[in-house]
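Numbering (my numbering), first residue to last: 8 to 113.
For glycine and all other residues, C-beta sits at the position ideal for the given N, C-alpha and C.
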């Protein structure tokens, strides 16, 4: 890093000379996350092709439960009403997926 001292205004300006290294790191991270997203979406769509539209729509919404569950595992405090909502939604998913009539419709 290079520091420039401007004596007229008494301010220091830091110039980062490692911008290309930072850009490369960001690009590599973006490529990695994009690859994970592509794999997850492909598997999700494949799974949806094996079920009915009703089950598929409900199971897609299950992905919104992943965020509070993962945050809870990581130690982030989750409000009681969110915990209750996640539990209720998981119970609904379990009941919904136990419906054997949809399996014969495929």
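Inter-residue Cα distance where the pair is residue i and residue j
i           : j          : result
residue 103 : residue 62 : 7 Å
residue 113 : residue 48 : Residue placement at residue 113 cannot be trusted, given a pLDDT of 48 that sits under 50; the coordinates are not used to answer.
residue 55  : residue 26 : 43 Å
residue 59  : residue 86 : 34 Å
residue 98  : residue 72 : 12 Å
residue 35  : residue 78 : 25 Å
residue 68  : residue 39 : 25 Å
residue 93  : residue 64 : 17 Å
residue 53  : residue 91 : 30 Å
residue 42  : residue 50 : 12 Å
Among the options, the one whose alpha carbon lies nearest that of residue i
i           : options           : result
residue 105 : 78, 30, 94 and 66 : 66
residue 6   : 46, 57, 70 and 52 : No statement about residue 6 is possible, as the shown extent of the chain runs from 8 to 113 and does not include it.
Exposure of residue i, with buried meaning 16 or more beta-carbon neighbours within 10 Å
i          : result
residue 37 : exposed
Where the alpha helix (DSSP H) containing residue i begins and where it ends
i           : result
residue 77  : 60-80
residue 48  : 26-56
residue 104 : 87-104
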